[in-house]
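Under the working numbering, residues 1 to 642 are what the sequence shown spells out, in order. What follows is a single structure, written as structure tokens, with notes after it.
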Amino acid sequence: MPLREGAYRAPPEGRLRLGSVRPVSDARQRIRGGLCMEIRLTVNGKATVRRAGKAPGFAASYDVVVAGLGTAGAEALMHCIARKLKTFGIERQNGMGGLSTIGGICFGGGLNRRLRDCEQAASAADVAYGTVIAGVWTEGRRIVGVRTLANGIVRDVAAAVVIDATGNATVARMCGCGLRKGRAFDGVMAPCARAEVWLDDGKQTPRPIYRNFPDDLSRSAEDYSATATKLARSRHGFWLSQKAQGRMLRPSAVIGAREEVRVETEEIASMADAIAGKVFPNPLFFACEPEDLPVYYEDHVFESKEIRNWKVHCGLPMFYYPSSVPYGTIVAKGMENLLVPSKHFGVAHDLGGSLRMQPEMRKTGVAAALAAFLMLRLKCAAKDVPYAELKPLLEETGCLKPARDTRVNTIHGKKFGPLTDEEVVAALRTDVTRTAEWWQGPRGEATGSAAERAAYALWTAWERGVRGPEASKTALAEKLFAALGKTPRHDGNFALALALMDDARAVPVLRDLVAHPGGPADPVVAGAFPNRIKAIDMLGRFADVESVPVLVEIVADGARTFTAGLADAGSFGGGDTMCRFQALAYALTALQAIWAKHPDRQTALRTSRLQAKLPPFKSHLDGYDLGERLRRVGLVPRKGRK
């Protein structure tokens with residue numbers, strides 16, 4: 001096939017993928033005479049693969065193609081231009097900057113400055129608005145070009161490096177890169193960001209409200225619209241009461257703004273890494289933010305152990321924690337020249353909840369541009385970019401600016417210094433209640449209250465168990481164990497602190513809390529996560545076989561007896577229904593963990609039949625049946641295991 005003069009001459013093994021998630025076995029089949037165009041379609045629910053004929057030559061050739069010019073992509077484009085790279089930017093919206101310019105955000109945007117920067121960048125590069133990526137030309141593990149679509153017009157361009165900053169992994173998906181979705185239990189994500197735009201004489205606007213939806217991106221647009229409208233309506237009255245002189249211009253419920261799929265990358269960072277104080281040799285940036293993962297139905301039981309510790313066992317909603325992410329989190333695994341900044345980059349679902357959608361995502365875009373510059377200069381693959389050369393560039397652009405703190409501490413108000421062992425024990429001699437959320441204005445400012453001090457004491461025990469020197473860990477554990485029995489009302493607190501340190505001496509007290517709900521060590525405290533429910537979670541972690549009968553009884557009874565009195569104390573929103581759901585969810589997941597280590601197929605089968613008969617548990621928020629999640633917990637060990 002003759003190519004137009006100056007066109008990029010692609011090797012015969014290349015192919016174009018549209019919407020492909022996984023490579024197919026014959027995708028690399030050699031086609032004589034040019035590129036093979038492979039199109040994966042789903043028609044009436046049936047997947048098909050079609051091959052077109054020969055492909056035309058590329059209309060233009062670029063050093064870098066940036067797909068998506070939102071928060072991360074705009075930064076990538078601007079920094080590519082600053083490094084004198086021939087760059088092509090592709091954006092499906094009608095403007096650059098995403099939520100930081102044309103969206104609705106509450107803080108961290110810098111609207112006027114960002115618009116000016118974006119306009120200057122657009123004048124120095126080829127930028128196509130109202131345009132989408134329709135396909136990707138690949139040769140083996142390398143992208144050689146992309147196909148764009150705008151107003152029905154298709155255009156193919158060549159690229160040496162591609163930066164996928166779409167936020168939903170459009171390019172990575174087409175290349176067949178692996179994708180991760182939401183939390184491990186059921187793939188639920190937190191895709192909706194909520195913000196209101198107010199006219200209030202220049203005063204600070206309300207904080208954002210983040211929410212997730214029960215079926216994620218599988219729900220219809222109509223369902224999403226209805227839910228977003230309900231959220232806007234329900235929050236309007238609250239914010240109006242806080243702003244007597246304010247006027248809401250519009251509520252902004254942005255689907256997908258918080259979390260969508262994530263790309264499998266060369267490195268993945270998690271909340272467990274941050275809690276353990278892991279030091280990466282190749283950091284992209286440092287952060288220190290609150291754990292802001294939205295859990296709409298408060299079903300933290302299905303989140304990671306670290307989220308449960310943070311939100312449920314320690315109760316740290318007004319605290320932040322430091323973290324960092326390595327360079328490999330923006331390098332798509334399996335592709336030589338694909339970088340993936342933006343919210344789909346390589347962090348775990350839990351860590352993603354503590355990274356801000358503005359400052360941190362911007363840094364991923366900057367880092368991707370700098371990596372692309374080095375890839376072209378050194379003629380190397382993305383994963384082979386030498387960090388020794390990348391680091392000075394990251395420092396120059398401010399990506400490696402130190403975080404505001406290197407310790408867990410309160411976000412607003414009084415700070416905590418390290419607690420001594422004696423102070424930890426003293427702080428736990430109280431009824432542990434929930435602290436306020438960091439975004440709740442004056443309520444969210446720490447004052448050093450007993451609740452805040454108890455939360456920090458529990459964090460101290462958790463931290464010591466994860467990364468403390470052995471001698472220090474042992475010393476605190478001994479003091480906590482010695483405190484048991486001296487003030488029975490607080491024995492549950494000391495046992496839970498020991499459990500956070502993985503000290504099995506907590507197990508007898510935990511068993512008693514579950515077997516005798518409402519007993520001396522299980523006070524019903526208004527608004528608090530009850531000790532009896534925390535204890536169930538910990539018994540699952542210890543895989544305590546002796547607790548199986550009482551856990552099975554909770555399931556058989558539908559948790560009615562176990563949760564008696566909790567609704568009156570307002571332990572959870574939604575009254576008795578939500579209390580029972582919480583108890584059943586923790587009991588089922590604890591049984592699952594126990595039987596995973598100590599299989600008992602007969603008991604598991606009997607319990608699964610009880611599980612299947614559980615009634616609906618409709619959320620007071622939107623009527624969604626949470627019983628569906630209870631029935632999803634797999635109890636029966638695999639066949640072949642005793």
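By construction, the Cβ of each residue, glycine as well, lies at the ideal position given by its N, Cα and C atoms. Note that the structure is a prediction, hence the values are computed from the model and not measured.
Comparing alpha-carbon positions, the option among Ala457, Arg505, Arg141 and Ala587 lying closest to Gly315 turns out to be Ala457. Separation of the CB atoms of Asp350 and Ile307 is rounded to 5 angstroms, and the pair is thereby assigned contact status at 8 angstroms. Restricting attention to Thr589, Asn337 and Val633, the CA atom closest to the CA of Ile143 is found in Asn337. Residue range Val132 to Glu139 is occupied by the beta strand (DSSP E) that includes Thr138. Relative to Lys86, the option among Ala372, Pro392, Ala367 and Lys363 whose CA is nearest is Ala372. Within its own chain, the residues whose Cβ lies closer than 7 angstroms to the Cβ of His300, once the five positions on either side in sequence are excluded, are Ile307, Arg308, Lys311 and Val312, listed in chain order. Annotation: the continuous beta strand (DSSP E) that includes Phe88 extends over Thr87 to Glu91.
Taken through DSSP and simplified to helix, strand or coil, Pro523 comes out as coil. Per DSSP, the beta bridge partners of Tyr321 are Glu289. Taking every protein chain shown into account, the CB of Leu378 has fewer than 16 other CB atoms within 10 angstroms, so this residue is exposed. Looking from the CA of Thr71, the closest CA among Asp186, Arg560, Asp63 and Gln93 belongs to Gln93. Comparing alpha carbon positions, the residue from Pro488, Ala515 and Ala159 closest to Arg429 is Pro488. Only buried fits Asp491, as 16 or more other CB atoms lie within 10 angstroms of its CB.
Cβ contact annotation for Ile533 (same chain, cutoff 7 angstroms, sequence separation greater than five): Gln582, Ala583 and Tyr586, in chain order. The beta carbons of Phe617 and Arg580 sit closer together than 8 angstroms.
When the alpha-carbon of Lys613 is set against those of Ser571, Asp557 and Arg511, the nearest one is in Asp557. At least 8 angstroms separates the beta-carbon of Ala369 from that of Arg183. Residues Ala287 of the same chain have their beta carbon placed closer than 6 angstroms to that of Glu360, with the five preceding and five following residues left out of the count. Looking from the CA of Phe319, the closest CA among Gly413, Asp384 and Val347 belongs to Gly413. Counting along the chain, the unbroken beta strand (DSSP E) around Asp156 starts and ends at Ile153 to Asp164.
A contact between stretches requires three or more CB pairs, one per stretch, nearer than 8 angstroms, and the region 463-474 fails this requirement with the region 435-444. Runs of beta strand (DSSP E) with 3 or more residues, each lying fully within the region 292-355, are found at 319-326, listed in chain order. Unbroken alpha helix (DSSP H) stretches of 4 residues or longer found wholly inside the region 371-422: 387-396, given in chain order. Here Pro290 is buried: its Cβ has 16 or more other Cβ atoms, across all protein chains shown, within 10 Å. Here Asp622 carries a coil assignment [DSSP, helix/strand/coil]. Excluding residues up to 5 positions away in sequence, Pro517, Ile554 and Ala583 lie with their Cβ nearer than 6 angstroms to the Cβ of Phe562 in the same chain. Counting of Cβ neighbours within 10 angstroms places Thr138 among the buried residues, the total reaching 16 or more. Inter-residue distance for Thr364 and Glu266 is about 15 angstroms (C-alpha atoms, whole angstroms). Taking every protein chain shown into account, the CB of Gln602 has fewer than 16 other CB atoms within 10 angstroms, so this residue is exposed.
Nearest in C-alpha terms to Gly176, of all of Leu496, Gln440, Val136 and Leu500, is Val136.
Pro615 has its alpha-carbon roughly 7 angstroms from the corresponding atom of Gly627. At least 8 angstroms separates the beta-carbon of Leu513 from that of Ala483. Taking Ala74 as reference, the option from Gly152, Asp164 and Ala150 with the minimal CA-CA separation is Asp164.
Going by C-alpha positions, Asp622 is about 43 angstroms away from Met78. Ala543 is not a Cβ neighbour of Asp503, given a cutoff of 8 angstroms. With fewer than 16 other Cβ atoms from the protein chains shown falling within 10 Å of its own Cβ, Val154 counts as exposed.
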